[in-house]
Amino acid sequence: MTDVLLCVGNSMMGDDGAGPLLAEMCAANPQGNWVVIDGGSAPENDVVAIRELHPERLLIVDATDMGLNPGEIRLIDPDDIAEMFMMTTHNMPLNYLVDQIKDDVGEVLFLGIQPDNVGFYYPMTPPVKEAVGVVYSRLAGWVGNGGFEPLTPALSPCTVRGHGRQVFGDMVNTF
């Protein structure tokens with residue numbers, strides 16, 4: 007059974023570096039039998055490599071604005087990525103990547119880490135570093151959802167949908 011960990015993000019943008027930090031930690035001290043791919047800010051470039059592996063499970067980890075407290079971790083249904091939110095620093099939306107590989111992968115899990123500060127040359131905040139450590143510590147014994155809660159609309163009154171729009175219940179704030 008092949009498990010692939012796709013770490014996504016930009017290490018030069020503060021908390022968006024959560025994915026690359028996880029990839030570095032796994033490179034220094036591998037956990038379990040995960041094949042680790044550091045997708046950086048262009049994970050779509052790794053579609054062919056992932057397809058060739060035909061993984062039983064693909065775990066995508068990225069800093070994701072879910073409207074939660076910094077460092078909170080949630081599993082997000084890959085089918086909900088495009089509908090719920092997509093504030094991203096990546097070249098292509100992650101739902102595009104998932105659509106490209108879903109036929110070649112047994113199970114796709116998307117794990118979001120709530121960032122606090124995403125901006126060029128900012129350091130990663132302590133809550134996000136701690137969250138990366140939590141994800142790292144669960145990789146070796148990963149079963150099912152890894153013990154992480156799923157993201158549900160009831161968990162957050164604010165859901166970000168696209169660049170510059172916040173939705174609070176039925177009220178939309180464009181900025």
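Residue numbering for the sequence shown follows this note's numbering, starting at 7 and increasing by one per position.
All residues carry an ideal CB built from backbone N, CA and C; glycine is no exception.
Remember, it's a predicted structure, so these values are computed and weren't measured experimentally.
V53 versus Q106 - alpha carbon distance: 7 Å
7 Å CB neighbourhood of D122 in its chain, flanking five on each side removed: D21, P76, T131, P133, V134
Residue range of the unbroken beta strand (DSSP E) whose run includes A69: 63 to 69
Residue environment, P36, which counts as buried when at least 16 other CB atoms sit within 10 Å: exposed
Status (buried if at least 16 other CB within 10 Å, exposed otherwise) for T70: buried
Which listed residue (L28, T8, L103, G73) has its alpha carbon closest to that of N51: L103
Nearest-angstrom Cα separation, counted from D109 out to G139: 31 Å
The beta strand (DSSP E) enclosing L117, as first and last residue numbers: Counting along the chain, the beta strand (DSSP E) containing L117 begins and ends at 113 to 119.
Whether I79 touches V149 by CB criterion (8 Å): no
Sequence-distant residues of its chain with Cβ nearer than 7 Å to D85 (five each side left out): none
Residue range of the unbroken beta strand (DSSP E) whose run includes L81: 79 to 82
Counted within 10 angstroms of its Cβ, other Cβ atoms place F116 as buried (16 or more) or exposed: buried
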